[in-house]
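Same order as they appear, the protein sequences are chains A and B.
Residue 47 in UniProt numbering sits at position 47 of the first sequence; the count goes up by one each step and never skips.
Residue 28 in UniProt numbering sits at position 28 of the second sequence; the count goes up by one each step and never skips.
Some notes on the structure that comes next.
Protein chains: 2
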Amino acid sequence: MTVPKPPMRDALVAAAFQLFLERGYEQTTVDDIVALAGVGRRSFFRYFPSKEDVVFPDHERCLADMTGFLGRGGDEHDPVARVCDAARLVLRMYAENPTFSVQRYRLTKKVPGLRTYELSVVWRYERALAEYLRRRFAGRPDGTLRADVIAAAVVAAHNNGLRSWLRSDGESDASAEVDHALAHVQRTFTPGTSDTSDTSDTPDTRGAGPGEAAAEDVVVLVSRRGAPMWRVVQELEATLERRPD
Amino acid sequence: MTVPKPPMRDALVAAAFQLFLERGYEQTTVDDIVALAGVGRRSFFRYFPSKEDVVFPDHERCLADMTGFLGRGGDEHDPVARVCDAARLVLRMYAENPTFSVQRYRLTKKVPGLRTYELSVVWRYERALAEYLRRRFAGRPDGTLRADVIAAAVVAAHNNGLRSWLRSDGESDASAEVDHALAHVQRTFTPGTSDTSDTSDTPDTRGAGPGEAAAEDVVVLVSRRGAPMWRVVQELEATLERRPD
DNA sequence: GCGACACATGGCACTGAGTTCCCTTTCGTG
DNA sequence: CACGAAAGGGAACTCAGTGCCATGTGTCGC
Chain A
1 MTVPKPPMRD ALVAAAFQLF LERGYEQTTV DDIVALAGVG RRSFFRYFPS KEDVVFPDHE
61 RCLADMTGFL GRGGDEHDPV ARVCDAARLV LRMYAENPTF SVQRYRLTKK VPGLRTYELS
121 VVWRYERALA EYLRRRFAGR PDGTLRADVI AAAVVAAHNN GLRSWLRSDG ESDASAEVDH
181 ALAHVQRTFT PGTSDTSDTS DTPDTRGAGP GEAAAEDVVV LVSRRGAPMW RVVQELEATL
241 ERRPD
Chain B
1 MTVPKPPMRD ALVAAAFQLF LERGYEQTTV DDIVALAGVG RRSFFRYFPS KEDVVFPDHE
61 RCLADMTGFL GRGGDEHDPV ARVCDAARLV LRMYAENPTF SVQRYRLTKK VPGLRTYELS
121 VVWRYERALA EYLRRRFAGR PDGTLRADVI AAAVVAAHNN GLRSWLRSDG ESDASAEVDH
181 ALAHVQRTFT PGTSDTSDTS DTPDTRGAGP GEAAAEDVVV LVSRRGAPMW RVVQELEATL
241 ERRPD
């Protein structure tokens, strides 16, 4: 699909970040960047539509990945779990280059222009999630409202975990942070799961195997009452997917 | 505190919107605006730090109102209700000038730069709400996470209602739309209120009521195998939450 | 009445981002 | 070898935003 690697793009990103880190974003002009990279000024704007874009070089690809992932999401998945998994795609991109992500985080934290640009990027992720949920909730009363709220909550939770990881300079466990935050959201919006029983890790559910079902397409699940809902779902899914249909 | 009315500011806003509406935002230069307003170019940037700011002339004041409102919010209020009321302050500002709000809505919908700018404005509202909730939730486990998620949900709900009103050209009842949306959020995040009375058209699961459970804390669920997982969960939670503990 | 001072405004001139147009190089492919 | 399509380079332009200074215009103290 995409060409493996345009070397010029990477050279521009490298040159840009070198200058951004040593003299700051606003103190660096595009001419400085192209001079260091040894290319023409016009070429910069061929690869990046704006100066801000060079700070977020792979968000475009990641957004495409997410829409593709959500496009493949059929009715067999829980919508909320699906958008949580979609959010994890973004985390994965950040986690692939921890040092780069931490440097960028420090940049965006102090440069208002970059913060604003990041908002527009995050907004596009949120819209992708919301559009998916709107499709899944179509027809239901308050479907679009639920979709918008859940998408916003998922993004907020993801960012909360992500920022916590970035503040630790990439030392903490990014997946654990985000999983924890997303579990909170999933618990909140997958109704019936109490919001209070926080972080119990013991999986106290026992799914009855498919063989134990009485009729051919009936499954019986036995669970302790206090169990966190996502654990139940996890167990149930694990049991069910052994016989997908 | 603030001077009642600088006439020059209003003249600039009026001139700007006249031109924006008749030839578009990007086709209008700052020189065009100041020429129509009959003032010097330098004065424009005295009143508005950027060209985008002229589109959102009163958000700064509204944001100050919100932070003041939240600063006055003592412990006697429910935090979630408080931030919902804070969000209503923003709606009130929009509702004060319906035609202006609708025109601006149409502008921001088609100009990406204005959309991005609006995001940065909304972000500041969201941060104000989140900071307030973080204070209220301080000490609680996952306090900042809950604060961020609720703030995002409130903003999303508010915007959902607001946009619905704006799309109706200001014909519908703005307060009713936003109240409905915020009530949904408040129901979701205020413990004890259920989110469940939600449509569920054909639930092909039958949960055994808690009374039918053999032991005191075991629940038995019987479900058709082909049922989508999220429907099962929905039914399960509906059954479970009838006895929250 | 008169200088002093603050303040609002206007008028440049400058930086820097982003674009338009055009030229050169390079690399296939017939 | 010819030729055409990309890929890159580069001058010149538009426009947003800033700095600096000149010019009113009011008010206060004397």
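A virtual CB, placed ideally from N, CA and C, is assigned to each residue, including glycine.
Just verifying my parser: in three-state terms, what is the DSSP assignment at Ala14 (chain A)?
Numbered from its first residue, the first sequence carries residue 14 (chain A) at position 14. If DSSP states are grouped into helix, strand and coil, Ala14 (chain A) belongs with the helices.
Kindly say whether Asn160 (chain B), judged by its beta-carbon, lies nearer than 9 angstroms to any beta-carbon of chain A.
The sequence position of residue 160 (chain B) within the second sequence is 160, counting from 1. True, the Cβ-Cβ gap to chain A drops below 9 angstroms.
Chain A partners of Ser120 (chain B), CB-CB under 7 angstroms?
As a first step, residue 120 (chain B) is located in the second sequence; it is residue number 120 there, counting from the start. In chain order: Thr116 and Leu119.
Is the segment 77-91 of chain B close to the segment 109-129 of chain B, with three or more CB pairs under 8 angstroms?
yes
Cutoff 9 angstroms: Ala152 (chain B) Cβ touching any chain A Cβ
In the second sequence, counting from the first residue as 1, residue 152 (chain B) sits at position 152. For Ala152 (chain B), the answer is yes, since a Cβ of chain A falls inside 9 angstroms of its Cβ.
9 angstroms is my cut-off, CB to CB: does Trp165 (chain A) come that close to chain B?
The residue labelled residue 165 (chain A) in the question sits at position 165 within the first sequence. No, Trp165 (chain A) does not count as interfacial toward chain B.
By the criterion of Cβ-Cβ separation under 8 angstroms, what are the contact partners of Val80 (chain B) in chain A?
Residue numbering aside, residue 80 (chain B) sits at position 80 when the second sequence is read from its first letter. Residues of chain A passing the Cβ test: none, with the nearest at roughly 12 angstroms.
Can you give me, in chain order, the residues of the UniProt domain "HTH tetR-type" (6-66) of chain A that have a beta carbon less than 8 angstroms from any beta carbon in chain B?
none
Have a look at B:Phe69, B:Leu119 and B:Arg124 and flag the residue whose alpha-carbon is nearest the alpha-carbon of Arg124 (chain A).
Translated into positions along the first sequence, residue 124 (chain A) becomes position 124. Checking every option, the nearest Cα to that of Arg124 (chain A) belongs to B:Leu119.
When you compare the CB of Thr108 (chain B) with every CB in chain A, is at least one pair closer than 9 angstroms?
In the second sequence, counting from the first residue as 1, residue 108 (chain B) sits at position 108. It does not: the Cβ of Thr108 (chain B) has no partner Cβ on chain A nearer than 9 angstroms.
From what residue to what residue does the alpha helix (DSSP H) around His77 (chain A) run?
The residue given as residue 77 (chain A) occupies position 77 in the first sequence. Note, His77 (chain A): premise wrong, no alpha helix (DSSP H); not H, not E.
If you draw a straight line from the C-alpha of Gly74 (chain A) to the C-alpha of Met66 (chain A), how long is it?
Numbered from its first residue, the first sequence carries residue 74 (chain A) at position 74. Numbered from its first residue, the first sequence carries residue 66 (chain A) at position 66. Using only the alpha carbons, I get a separation of about 14 angstroms.
Would you mind sorting Ala37 (chain A) into buried or exposed? The rule is 16 or more other CB atoms within 10 Å of its CB.
Indexing the first sequence from 1 puts residue 37 (chain A) at position 37. Buried: at least 16 other Cβ atoms inside 10 Å.
Along chain B, which residues have their Cβ under 8 angstroms away from the Cβ of Ala86 (chain A)?
Taking the first residue of the first sequence as position 1, residue 86 (chain A) is located at position 86. Going along chain B, no residue has its Cβ under 8 angstroms from Ala86 (chain A), so there is no contact; the nearest lies around 15 angstroms.
By Cβ distance below 6 angstroms, which residues in the same chain neighbour Pro6 (chain B) in space, the five residues on each side in sequence not counted?
The residue given as residue 6 (chain B) occupies position 6 in the second sequence. Nothing listed; no residue qualifies.
Closer than 8 angstroms by beta-carbon distance: list the chain B residues that pair up with Val155 (chain A), in chain order.
The residue you call residue 155 (chain A) lines up with position 155 of the first sequence. Result: Ala152.
Can you check which of these residues, B:Ser172, B:Val178 and B:Met8, is closest to Pro98 (chain B) by C-alpha distance?
Against the second sequence, residue 98 (chain B) aligns to sequence position 98. Of B:Ser172, B:Val178 and B:Met8, the residue nearest in Cα terms is B:Ser172.
Of all Cβ atoms in chain A, is any one closer than 9 angstroms to the Cβ of Phe189 (chain B)?
Translated into positions along the second sequence, residue 189 (chain B) becomes position 189. For Phe189 (chain B), the answer is yes, since a Cβ of chain A falls inside 9 angstroms of its Cβ.
Out of B:Pro112, B:Ile150 and B:Arg92, which has the shortest C-alpha to C-alpha gap to Gly24 (chain B)?
Along the second sequence, read from residue 1 onward, the residue named residue 24 (chain B) stands at position 24. Checked all of B:Pro112, B:Ile150 and B:Arg92; the closest Cα to Gly24 (chain B) is B:Pro112.
Would you say Leu145 (chain A) reaches chain B, if we count a Cβ-Cβ gap shorter than 9 angstroms as a contact?
Locating residue 145 (chain A) in the first sequence gives position 145, where the first residue counts as 1. Closer than 9 angstroms to some Cβ of chain B, the Cβ of Leu145 (chain A) qualifies, so yes.
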